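>
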Amino acid sequence: EGKRRSRSHKRKSKEQCRRHALYVDFKDVGWDDWIVAPPGYQAFYCHGDCPFPLADHLNSTNHAIVQTLVNSVNPSAVPKACCIPTELSPISMLYLDEYDKVVLKNYQDMVVEGCGCR
Amino acid sequence: QETALLVAGNTNNNRREDYTGETSEKGTTIRENSGQRTKDIQALESSLLKMFGLGSRPRPRKKLEIPQYMLELYQKQMQIRDSEEIMGGDINVRGKFTGSANTVRSFHHLEPKVHEAQSSTDKVTLIFNISSVPEEEILKAAELRIYREQILQHLEPSLKRKRDFRYKLEAHEVIKPQTKNRDSITRLLDTKIIDIRNSSWESLDLTPAVVKWRTTPRKSHGVEVHFIRLDGRPSELKSSHVRLRRSINGDDSTWQAQRPLLVTYSDDTRSKRTKR
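Protein chains in written order, with our numbering: chain A, 1 to 118; chain B, 1 to 276.
#1: Assuming contact is defined by CB atoms lying nearer than 9 Å, are B:G53 and B:R270 in contact in what I supplied?
#2: Could you work out which residues of chain A lie near B:N92, taking near to mean beta carbons separated by less than 8 Å?
#3: In the stretch 122-147 of chain B, which residues sit with their C-beta less than 8 Å from some C-beta in chain A, listed in chain order?
#4: Using a threshold of 9 Å, state whether the C-beta atoms of A:P38 and A:I91 are closer than that.
#5: Comparing alpha-carbon positions, which option in B:K76, B:R81, B:L230 and B:Q36 lies nearest B:D164?
#6: Can you name the residues of chain B whose CB is closer than 8 Å to the CB of A:L58?
#7: Give a yes or no on whether the C-beta atoms belonging to B:L188 and B:D205 are separated by under 9 Å.
#8: If you drop the 5 nearest sequence neighbours on each side, which residues of the same chain put their C-beta closer than 7 Å to that of A:Y95?
#9: Can you tell which of B:S56, B:V174 and B:L126 has its C-alpha closest to the C-alpha of A:Y99?
#10: Answer with yes or no whether the minimum CB distance from B:P234 to chain A is below 9 Å.
#11: Since A:V36 meets chain B, which of its residues come closer than 7 Å, beta carbon to beta carbon?
#12: Exposed or buried, which one is A:C115 when buried takes at least 16 other CB atoms within 10 Å?
#13: Determine the chain B residues that contact A:D32 at a beta-carbon separation under 9 Å, and present them in chain order.
#14: For A:C17, which residues in the same chain have their Cβ closer than 8 Å to its Cβ, ignoring the five residues on either side in sequence?
#15: Let me make sure I understand the geometry here. Which of B:K96, B:S235 and B:V104 has the alpha-carbon closest to that of B:Y74?
#16: Check distances from the C-beta atoms of the stretch 83-116 of chain A to those of chain B and list, in chain order, the residues that come in under 9 Å.
#17: Grab the span of the beta strand (DSSP E) containing A:Q67 for me, first residue to last.
#18: Name the DSSP bridge partner or partners of A:G116?
#19: Quick check: B:Q77 and A:N106, are their CB atoms within less than 9 Å of each other?
#20: Please report how far the alpha carbon of B:I66 lies from the alpha carbon of B:E72, in whole angstroms.
#21: So B:K96 and B:E143 are in contact, right, with Cβ under 8 Å, and what is the actual spacing, rounded?
#22: If you draw a straight line from the alpha carbon of B:V223 to that of A:A64, how long is it in whole angstroms?
#23: Can you check whether the C-beta of B:V210 is within less than 9 Å of a C-beta belonging to chain A?
#24: Name the one or two DSSP bridge partners that A:E15 has.
#25: Going by beta carbon distance, what residues of the same chain come within less than 7 Å of A:A55, once the five residues before and after it are set aside?
#26: Near B:L139, which residues of its chain fall below 7 Å by C-beta distance, leaving aside the five closest residues on each side in sequence?
#27: In the DSSP output, what is B:E170 paired with across the bridge?
#28: How is the alpha helix (DSSP H) around B:R214 delimited, first residue to last?
#29: Using a beta-carbon distance cut-off of less than 9 Å, what residues from the stretch 70-85 of chain B approach chain A?
#30: Cα-Cα, which of B:R61, B:S106 and B:K39 is closest to B:R356?
#31: Using a Cβ-Cβ distance under 9 Å, would B:T269 count as near chain A?
#32: What first and last residue would you give for the alpha helix (DSSP H) that runs through B:A257?
#33: Let's test the definition: count the other Cβ atoms within 10 Å of the Cβ of B:D268 and tell me whether it reaches 16, buried, or not, exposed.
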């Protein structure tokens, strides 16, 4: 009972795996002179704990469930599943290249849409 | 922050020398660290630029006009993404077979020198330098966008009947350029029938020519744009309708906004390969 109580306390104190805000401002890195649009973009990042048992919203795979289960029995044997991006989307960028030509390009996997334990 | 650290290191160094006459190694260490950090930052920037498909950091000229069409295309992409939540990276343009294109590049033609200026009003040769398109990109489509400004009927007494308003805009690939003894040898790429009472941008398909220019750049002699009447006779218009060359009276910003634009749609396969 005592162990369970302390475990649940720990679980509450650790934040679960989720998406966090991360704005990448091109002006901050001094790239606003060649990137015409957008001025920056919401990239997001994934961070948090993947606790046992894995909840449905954590978007986990069967393997992640097994890994988390083994970790819950023997933490020294295997680490917990990782909190990583499970869904990404592209962004469009309008910029000037090295030859002063205007380019519009779609870049894959630039924005985190969803996080999960894998 | 690095600069501040370096300054602080130097200041401490000087102070120690002033008061004790000893040379501190701390300043040197900070400077070495700072050098390492600068290298790290440069490496990080270079890897990011590589990810963006750029060899070096672009240093654009200060007064560069961004073509309106490219801005509109960007806005459209943003609207589509917001409304339909598209996860793919393809750029779809209505009426263009762009397929899996994810890159759009725009090019202005090389303006001829004064002594090379073409005298004809209904036939203009436009030469483009497309050597900046990386080899990894597969060309899907290319179009030549030409602006034409409406002609007011009362200014042109020759315009009487309805058929007088209808003209043809043709794009010909130059196979062999014009010489002193011989006219240029060309092949027709695309034709548009236009009504000169309207102002609009016309799009002419140049895909076969641009594909050829990319594979064999020495065969790139440009494209001839013909502005002729429907019956094939040369134009009798006194005022200029199609914006193919810079006007003597026109200002630079108007010319930059209305000059011909070559737009290429290509598929950059590098990121896709890495993903696989």
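C-beta atoms are modelled at their ideal positions from N, C-alpha and C, and glycine is treated no differently. In this text, all values refer to a predicted model and were calculated from it rather than measured experimentally.
Walking through what the data contain:
#1: As a working note, residue 53 of chain B is residue 53 in the second sequence. As a working note, residue 270 of chain B is residue 270 in the second sequence. Result yes, Cβ atoms of B:G53 and B:R270 sit closer than 9 Å.
#2: Position 92 of the second sequence, counting from 1, holds the residue named residue 92 of chain B. None at all; the shortest Cβ gap to chain A is about 10 Å.
#3: Here the close residues are S132.
#4: As a first step, residue 38 of chain A must be located in the first sequence, where it is residue number 38. As a first step, residue 91 of chain A must be located in the first sequence, where it is residue number 91. Contact: yes.
#5: Counting from 1 along the second sequence, the entry for residue 164 of chain B is found at position 164. Selected option, being the one with the closest Cα: B:L230.
#6: In the first sequence, residue 58 of chain A corresponds to position 58, counting from 1. In chain order: nothing, as chain B lies at least about 21 Å away.
#7: Mapped onto the second sequence, residue 188 of chain B falls at position 188. Mapped onto the second sequence, residue 205 of chain B falls at position 205. No, these two residues do not count as a Cβ contact at 9 Å.
#8: Here residue 95 of chain A is taken as the residue at index 95 of the first sequence, counted from 1. Apart from sequence neighbours up to five positions away, the residues of its chain that approach A:Y95 with a beta-carbon distance below 7 Å are W34, I35, V36 and V103, ordered along the chain.
#9: The residue labelled residue 99 of chain A in the question sits at position 99 within the first sequence. Residue B:S56 is the option with its Cα nearest to A:Y99.
#10: The residue labelled residue 234 of chain B in the question sits at position 234 within the second sequence. No - not a single Cβ of chain A is within 9 Å of the one on B:P234.
#11: Stepping through the first sequence from its first residue, residue 36 of chain A is reached at position 36. I66, listed in chain order.
#12: Counting from one through the first sequence, the residue named residue 115 of chain A turns up at place 115. The residue is buried, with at least 16 neighbouring Cβ atoms inside 10 Å.
#13: On the first sequence, position 32 is the one that residue 32 of chain A refers to. Within chain B, no residue comes near A:D32; the closest Cβ sits about 11 Å away, beyond 9 Å.
#14: Stepping through the first sequence from its first residue, residue 17 of chain A is reached at position 17. Excluding sequence neighbours, A:C17 sits near C46, H47, G48, D49, C50, L58, C83, C115, G116 and C117.
#15: Looking up residue 74 of chain B in the second sequence gives position 74. Comparing Cα-Cα distances from B:Y74 to each of B:K96, B:S235 and B:V104, the minimum goes to B:V104.
#16: E87, L88, S89, P90, I91, S92, M93, L94, Y95, L96, D97, E98, Y99, D100, K101, V102, V103, L104, K105, N106, Y107, Q108, D109 and E113
#17: In the first sequence, residue 67 of chain A corresponds to position 67, counting from 1. Careful: A:Q67 lies outside any beta strand (DSSP E), inside the alpha helix (DSSP H) at N62 to V73.
#18: Along the first sequence, one-based indexing puts residue 116 of chain A at 116. Residue pairing by DSSP puts A:G116 in a beta bridge opposite A:I84.
#19: Here residue 77 of chain B corresponds to residue number 77 of the second sequence, with the count starting at 1. Here residue 106 of chain A corresponds to residue number 106 of the first sequence, with the count starting at 1. The answer is yes: Cβ separation under 9 Å.
#20: Here residue 66 of chain B is taken as the residue at index 66 of the second sequence, counted from 1. Here residue 72 of chain B is taken as the residue at index 72 of the second sequence, counted from 1. Cα to Cα, B:I66 sits roughly 11 Å from B:E72.
#21: Counted from its first residue, the second sequence places residue 96 of chain B at position 96. Counted from its first residue, the second sequence places residue 143 of chain B at position 143. Their Cβ separation, rounded to whole angstroms, is 7 Å, which keeps B:K96 and B:E143 in contact under 8 Å.
#22: One-based indexing of the second sequence puts residue 223 of chain B at position 223. One-based indexing of the first sequence puts residue 64 of chain A at position 64. For B:V223 and A:A64, the distance between alpha carbons rounds to 59 Å.
#23: Your numbering for residue 210 of chain B matches position 210 in the second sequence. Using a CB distance cut-off of 9 Å, B:V210 does not count as an interface residue toward chain A.
#24: Position 15 of the first sequence, counted from the first residue, corresponds to residue 15 of chain A. Paired residues: none, contrary to the question.
#25: For the purposes of this step, residue 55 of chain A is taken as the residue at position 55 of the first sequence. Same-chain partners within the cutoff: there are none.
#26: Counted from its first residue, the second sequence places residue 139 of chain B at position 139. These residues qualify, in order along the chain: V210, V211, R214, T264 and S266.
#27: Your numbering for residue 170 of chain B matches position 170 in the second sequence. Bridge partners of B:E170: B:T191 and B:H226.
#28: Against the second sequence, residue 214 of chain B aligns to sequence position 214. B:R214 -> alpha helix (DSSP H) spans T207 to T215.
#29: M70, L71, L73, Y74, Q75, Q77, M78, R81 and E85
#30: The structure shown does not extend to residue 356 of chain B, since chain B is modelled only from 1 to 276, so the question has no answer here.
#31: The count along the second sequence starts at 1 and reaches residue 269 of chain B at position 269. With 9 Å as the cut-off, B:T269 does not count as an interface residue toward chain A.
#32: Against the second sequence, residue 257 of chain B aligns to sequence position 257. Residues D252 to Q258.
#33: Position 268 of the second sequence, counted from the first residue, corresponds to residue 268 of chain B. Looking at its Cβ environment, which holds 16 or more other Cβ atoms inside 10 Å, B:D268 is buried.
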